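First comes the structure, then the notes that go with it.
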Amino acid sequence: MVAPHNCENMSDIRAEIDALDRQIIALLGQRFEYVKAAAPFKSSAKDVRAQERFDTMLQQRRIWAETEGLEADVIEKMYRDLVTYFIEAELQHWRSELS
1 MVAPHNCENM
11 SDIRAEIDAL
21 DRQIIALLGQ
31 RFEYVKAAAP
41 FKSSAKDVRA
51 QERFDTMLQQ
61 RRIWAETEGL
71 EADVIEKMYR
81 DLVTYFIEAE
91 LQHWRSELS
């Protein structure tokens, strides 16, 4: 990994961004495995949706974003979209486990 200030040209910068995005996508895949693993521990669709947990999680991500000097609204939207997708996928997985 080359530090941003050590990149010598746009090719270096793009290569580093691509490498970071690859790592982020791999981490999202790992996160999704935990989402699916949570399904057996939930006894209802309400448990899967867990609105209170969802709200708390978004607030924590906002705090983390601010700590990292990022725009909290952007990070919240990104996580809201991501986790909403994961919740829907978890609901499908949970329902298939019941069948």
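The opening position of the sequence shown corresponds to residue 1 in the UniProt record's numbering, with each subsequent residue numbered one higher.
Cβ atoms here follow ideal geometry from the backbone N, Cα and C, with glycine treated the same way.
For clarity, every value in this text was computed on a predicted model and none was experimentally measured.
Report the CB separation of residue i from residue j in whole angstroms; it is logged as a contact under 8 Å.
{"i": "Phe54", "j": "Val35", "result": "With a Cβ gap of about 12 Å, Phe54 and Val35 do not count as contacting."}
{"i": "Arg49", "j": "Ile87", "result": "6 Å"}
In whole angstroms, give me the CA-to-CA distance for residue i and residue j.
{"i": "Glu52", "j": "Leu58", "result": "10 Å"}
{"i": "Ala45", "j": "Asp81", "result": "19 Å"}
{"i": "Gln23", "j": "Glu97", "result": "30 Å"}
{"i": "Ile17", "j": "Gly69", "result": "18 Å"}
{"i": "Ala15", "j": "Met1", "result": "9 Å"}
Answer with buried or exposed for residue i, where buried requires no fewer than 16 other C-beta atoms within 10 angstroms of its C-beta.
{"i": "Tyr85", "result": "exposed"}
{"i": "Arg61", "result": "buried"}
Short check: CB of residue i to CB of residue j, under 8 Å?
{"i": "Ile75", "j": "Ala89", "result": "no"}
{"i": "Ala39", "j": "His5", "result": "no"}
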